[in-house]
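Residue 11 in our numbering sits at position 11 of the sequence shown; the count goes up by one each step and never skips.
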Amino acid sequence: MATIYLVRHGQASFGKENYDQLSKTGWEQGKVLGRWMAGRIKPDAVFGGNLERHRETVEAIASGFGSQFPDMQVAPGFNEFDHHEVLIRSRPEWVDRNVMARDLQAFPKPARAFQEAFVHAVHRWATGQHDQDYNETWPAFRERVLRAFDDMIEYVDGGDILVATSGGPISVICQHLLGLTDERALMLNEVIANASVSRVLYSGSRRSLSVFNNYSHLEAEDPALVTFR
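So, in C-alpha cells, the structure goes:
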C-alpha cells in the first residue's frame with residue numbers, strides 16, 4: 001500500500017501583521033522534519049494549499065531533506081478554513097485588533113484566553129445554527145477538503161504523497177476515515193502539533209489511518225520545538 005503523509009504546517013506568525021508566514025521556530029520545525037525524512041521517506045509527489053505557510057513549510061522540509069525534493073503542486077482544497085472570519089463572527093468587537101489585545105490582557109494568561117475564545121468560535125461555526133454568518137460553512141469546508149483528497153489520490157494513482165496543509169483539513173480527513181462525529185473531529189484539531197505527521201495508507205478505494213499527529217522527530221531534536229499554535 002502507498003502512503004500519504006499529512007503534514008501540518010510549521011508554526012505561523014501569531015500576533016504579527018502577516019500571520020501566514022512561518023515564524024523562526026516554524027522554519028526550524030520544517031527543516032527538522034526534512035532531516036528526519038531523509039533516508040526514510042521519498043515522496044513521489046508533494047501537494048499543499050495555496051497559503052504562504054504551506055509553501056514555506058515545504059521549502060523548509062526541502063532544505064532539511066538535503067537532496068532533490070519534488071516541487072509542490074498547489075491544491076487550494078487543502079487550505080485551512082478562515083480563522084479570522086470564524087473568530088470575529090463569534091466576537092465581532094475583535095475585528096479591532098486593539099480591542100482584542102485589550103480584552104486578552106485582562107486575563108492572567110492571555111494566550112490561554114485566546115485559545116478558549118477560538119475553540120468556542122469554531123464550535124459555534126460547526127453547529128450549523130449560524131450558517132448564514134459564514135462565507136464557508138462547516139459542511140462546505142469538509143466537502144472541499146475531502147474532494148481535494150480524493151482528486152489527489154486519483155491524480156497520483158498509487159505513489160507516496162506528502163501534503164502540507166493545516167490542522168482543520170487533517171482533522172476532517174481523519175474524521176472521514178474513522179467515522180467520527182463533528183465534536184470529535186474538532187477535538188482532534190485542538191491537539192495537532194506544528195510540523196507533525198499523520199499517515200494514511202491507501203490502495204485503490206481502501207484508505208486507513210495508520211499514524212496520527214506524530215511529532216517525535218521534533219522531540220528528539222529539541223522538545224522546545226513542539227508547538228501547537
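Glycine included, C-beta positions come from ideal geometry on N, C-alpha and C.
Cutoff 6 angstroms; reference residue i; Cβ partners in own chain excluding five residues on either side
| i | result |
| --- | --- |
| S171 | A185, L188 and N189 |
| P110 | L104 |
| D317 | The structure shown does not extend to residue 317, since the chain is modelled only from 1 to 229, so the question has no answer here. |
Cβ neighbour criterion (16 or more within 10 Å) applied to residue i
| i | result |
| --- | --- |
| T181 | exposed |
| R147 | exposed |
| Q29 | buried |
| E183 | exposed |
Nearest to residue i (by Cα), restricted to the options the options
| i | options | result |
| --- | --- | --- |
| Q73 | V46, T165, Q11 and F118 | V46 |
| H69 | E59, G77, P76 and F78 | The residue asked about is misnamed: residue 69 is Phe in this sequence, not His. Selected option, being the one with the closest Cα: E59. |
| G66 | A164, V32, H54 and G167 | V32 |
| I154 | I88, A224, Y202 and N214 | Correcting the residue type first, residue 154 is Glu in the shown sequence and not Ile. Ranking I88, A224, Y202 and N214 by Cα distance to E154 puts Y202 first. |
| F78 | R102, R53, R40 and G64 | R53 |
| I88 | A126, A113, D133 and P76 | D133 |
| L6 | P108, W27 and I41 | I41 |
Residues of its chain near residue i, where Cβ-Cβ distance is below 8 angstroms and the 5 sequence neighbours each way are ignored
| i | result |
| --- | --- |
| A62 | G34 and F69 |
| V191 | N213 and F228 |
Delimiting residues of the alpha helix (DSSP H) encompassing residue i
| i | result |
| --- | --- |
| G26 | K24 to M37 |
| I153 | W138 to V156 |
| F65 | E52 to F65 |
Neighbourhood of residue i by C-beta distance below 7 angstroms, restricted to the same chain and skipping five residues each side
| i | result |
| --- | --- |
| E93 | V99 |
| M1 | L201, Y202 and S203 |
Residue i: first and last residue of the uninterrupted beta strand (DSSP E) it sits in
| i | result |
| --- | --- |
| N269 | Residue 269 cannot be examined here, being either before or after the span of the chain that is shown, 1 to 229. |
Within the segment 158 to 207, ranges of the beta strand (DSSP E) (whole runs, at least 3 residues)
Along the length of the segment 158 to 207, whole beta strand (DSSP E) runs at least 3 residues long occupy 161 to 165 and 197 to 203, reported in chain order.
Which ranges would you report for the beta strand (DSSP E) in the segment 59 to 113 if only whole runs of at least 3 residues count?
Correct list: 72 to 74.
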